[in-house]
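First up is the structure itself, then whatever we jot down about it.
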Amino acid sequence: MLLRNIEDARALLGSLPGTLVGVGVTAFGRVVPSRLVDDYRALVLRRTADLSILRRCMEVFCLEEEAGSLLGLDGLNSYSLLAHSRTRSYLKGLPDPKILFLYQSYPELEELAREEGWLLIGNRASLRLRLSSRAFFDNLVLEEGLPGLRGGIYPFSSLVQQGYGHWANYLGEKFVLQLPEVRQGGGRGTFFIRSEADYRKVTERLRDGTWRGTTLETISLHEYREGVSVSLVACVTHSGVLVSGLQRQMVDLPLPGSVWENGIFCGHSWGEIEWAPDLQAEAERQAVLIGRRFGREGYRGILGIDFLLDHETGRLYPLEVNPRLTGALPMLSLMHLSRGVVPLEVPHLLEFLGIPYEVEEGLARERYLEPLKGGHLLLFRGSEEEGFREQPLRAGLYERDFRSEGFRWEKEAMQFGGAAPHRQFIVIDGPPVGETAPAGSEDPLFRLCRILFPVPPVGPDGSLIREAEAAARWVRAGIIR
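Sequential numbering of the sequence shown, starting at 10, is according to my numbering.
Structure follows, in structure tokens:
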């Protein structure tokens with residue numbers, strides 16, 4: 010059957026036997042299939058203020074609601090959620106087969122799935138870990154003839170044994186230090202070295218050979234270039250590689266909060282500038298090469314590719330590949346759905362389910378490259394010295410209140426509407442509720458919520474527009490005291 014539009018997607022997924030269940034830390038990230046599959050539901054760890062909104066379109070089992078505090082849980086990921094006795098009991102009551110739609114898989118989760126008879130929608134953990142390694146990526150860039158940044162991977166001991174001058178002679182006065190063993194993503198384990206003083210500070214911080222609870226064996230050092238951080242989403246299918254349009258990544262935004270690392274992912278913006286056709290074509294060319302290589306390695310489905318658009322030369326450098334669902338989702342897919350475009354989660358699901366389908370590649374390419382407008386901004390806790398409010402801000406649609414120079418809550422919603430959507434934003438994917446110090450909130454990068462905007466939240470230069478910055482500060486003040 011051809012996959013051309015939303016109706017085709019519903020028909021294909023409607024042939025699915027059993028129960029499709031989205032699994033995640035929060036419910037918003039797994040909402041897209043609810044628009045396409047009857048009786049779709051989500052299993053999530055955290056109790057968040059948006060659950061009443063999300064429950065309008067899908068059933069949600071929330072472990073924090075069922076079991077209380079998550080503070081005693083060993084790890085906060087899909088495995089700890091699915092291994093819990095209350096979650097397993099809930100799943101036992103659903104029709105077989107149980108099909109679990111994951112952000113990414115873990116070795117221990119795969120063993121649990123074998124015991125329980127679950128089908129996992131996600132690439133094997135061993136494959137994901139190999140393909141996400143810095144060494145594999147550096148080799149891929151070389152072997153596929155992609156533009157590469159000067160640098161390499163070195164033993165962790167060389168961080169202390171070699172001084173700043175040694176690396177500056179090879180990479181330039183500014184360079185990027187990354188910790189390959191730290192795999193959480195979003196900029197964790199990344200440091201921009203701009204001077205010898207920066208190098209000394211980072212070396213001292215890492216002297217004990219651990220970071221974020223991970224033992225360090227190697228360091229990745231590459232030259233630093235000024236440019237724009239951009240990305241795209243690709244989907245590796247049996248017949249080719251589907252590619253989204255380019256999107257600006259917002260990184261290291263000057264919002265409240267103390268974070269030691271650099272390159273911190275803060276969201277995406279669509280439509281603040283029009284990407285040149287030749288740039289989009291080059292991004293697509295590189296993405297197809299990368300996707301085909303991943304396909305030859307046995308990979309299926311969605312992956313994310315981060316690029317640097319060099320200010321000086323205009324060259325597009327691939328920086329890393331994330332073999333999993335990406336941070337652009339579900340915002341990108343919700344925008345696609347609003348325009349009648351099949352979200353990339355659909356071919357992703359079909360590839361793992363083995364449901365026969367074909368894509369009209371020309372039509373798909375044209376639709377995925379259509380320009381979009383909007384954005385989403387992630388808010389983080391920042392300083393641990395700041396506590397959580399007992400009554401956090403409500404989730405839903407807000408609009409600027411010109412009388413108070415603030416914002417007022419309008420209604421529970423995930424979509425914009427009314428006469429002036431440009432004055433609106435949506436608080437979703439949070440805020441956390443139920444505890445004054447949620448499990449995991451000691452991390453400065455603990456996510457408070459996501460703010461959706463109907464217009465690009467940054468200007469052409471990448472700086473937050475005044476309205477978006479005001480909204481972000483106001484929302485954060487409603488969660489953190």
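Glycine included, C-beta positions come from ideal geometry on N, C-alpha and C. Keep in mind it's a predicted model, so treat the numbers as computed, not measured.
Simplified DSSP state of residue i, which is helix, strand or coil
i                 : result
glutamate 498     : With the chain covering 10 to 490 only, the question about residue 498 has no answer from this structure.
histidine 431     : helix
tryptophan 269    : coil
glutamate 399     : coil
leucine 381       : coil
tryptophan 176    : helix
arginine 137      : helix
glycine 38        : helix
arginine 294      : helix
methionine 340    : helix
serine 204        : coil
glutamate 190     : coil
serine 142        : coil
glutamine 289     : helix
tyrosine 308      : coil
aspartate 48      : coil
phenylalanine 361 : helix
phenylalanine 303 : helix
alanine 18        : helix
glutamate 414     : coil
tyrosine 366      : coil
Per-residue burial, residue i [other beta carbons within 10 Å of its own, 16 or more giving buried]
i              : result
arginine 209   : exposed
glycine 487    : buried
leucine 11     : exposed
valine 245     : buried
glutamine 170  : exposed
histidine 385  : buried
serine 392     : exposed
threonine 219  : exposed
glutamine 295  : buried
arginine 490   : exposed
isoleucine 144 : Looking at the sequence shown, residue 144 is not isoleucine but alanine. The residue is exposed, with fewer than 16 neighbouring Cβ atoms inside 10 Å.
leucine 60     : buried
glutamine 256  : buried
glutamine 258  : buried
threonine 96   : buried
leucine 151    : exposed
Beta-carbon proximity check, residue i vs residue j, cutoff 7 Å
i                 : j              : result
glutamate 270     : threonine 199  : yes
phenylalanine 110 : glycine 160    : no
phenylalanine 37  : isoleucine 437 : yes
glycine 313       : leucine 387    : no
leucine 381       : glycine 280    : yes
leucine 317       : tyrosine 326   : yes
valine 34         : arginine 55    : yes
serine 278        : proline 466    : yes
proline 469       : cysteine 458   : no
valine 40         : proline 339    : yes
glycine 174       : glutamate 232  : no
glycine 184       : leucine 230    : This sequence places phenylalanine at residue 184; glycine is not what is there. Going by C-beta atoms, phenylalanine 184 is nearer than 7 Å to leucine 230.
leucine 149       : arginine 305   : no
tyrosine 308      : asparagine 86  : no
Member of the options whose CA lies at the smallest distance from the CA of residue i
i                 : options                           : result
glycine 371       : Arg475, Glu408, Thr96 and Ser248  : Ser248
phenylalanine 165 : Leu29, Gly174, Ala144 and Leu188  : Leu188
serine 204        : Asp470, Val191, Gly172 and Thr227 : Gly172
arginine 403      : Ile435, Thr227 and Gly383         : Ile435
leucine 461       : Leu406, Glu153 and Leu52          : Leu406
glutamate 190     : Glu182, Ile228, Leu158 and Leu155 : Ile228
proline 263       : Thr35, Glu232, Cys66 and Ala477   : Ala477
isoleucine 202    : Gly218, Arg234, Asp217 and Gly222 : Arg234
glycine 443       : Val41, Glu73, Val53 and Ile15     : Glu73
asparagine 14     : Glu375, Ile489, Val350 and Phe425 : Val350
serine 43         : Arg133, Gln256, Arg65 and Gln424  : Arg65
aspartate 207     : Leu168, Ser238 and Thr223         : Leu168
tyrosine 88       : Met67, Glu117 and Asp315          : Glu117
histidine 93      : Leu79, Ser114 and Asp105          : Leu79
arginine 221      : Trp483, Pro453, Val484 and Ile474 : Pro453
alanine 481       : Val297, Phe425, Glu421 and Arg409 : Arg409
glycine 157       : Asp319, Arg432 and Arg123         : Asp319
leucine 346       : Leu22, Asp261, Leu45 and Leu21    : Leu45
methionine 67     : Asp48, Gln113 and Met344          : Asp48
Bridge partners - residue i, DSSP secondary structure assignment
i                 : result
histidine 231     : Gly160 and Val185
lysine 107        : Thr28
phenylalanine 389 : Arg456
asparagine 331    : Gly313
proline 441       : Thr57
methionine 259    : Gly276
alanine 477       : BP columns for alanine 477 are empty, so no partner.
glycine 66        : What sits at residue 66 in the sequence shown is cysteine, not glycine. DSSP lists no partner for cysteine 66.
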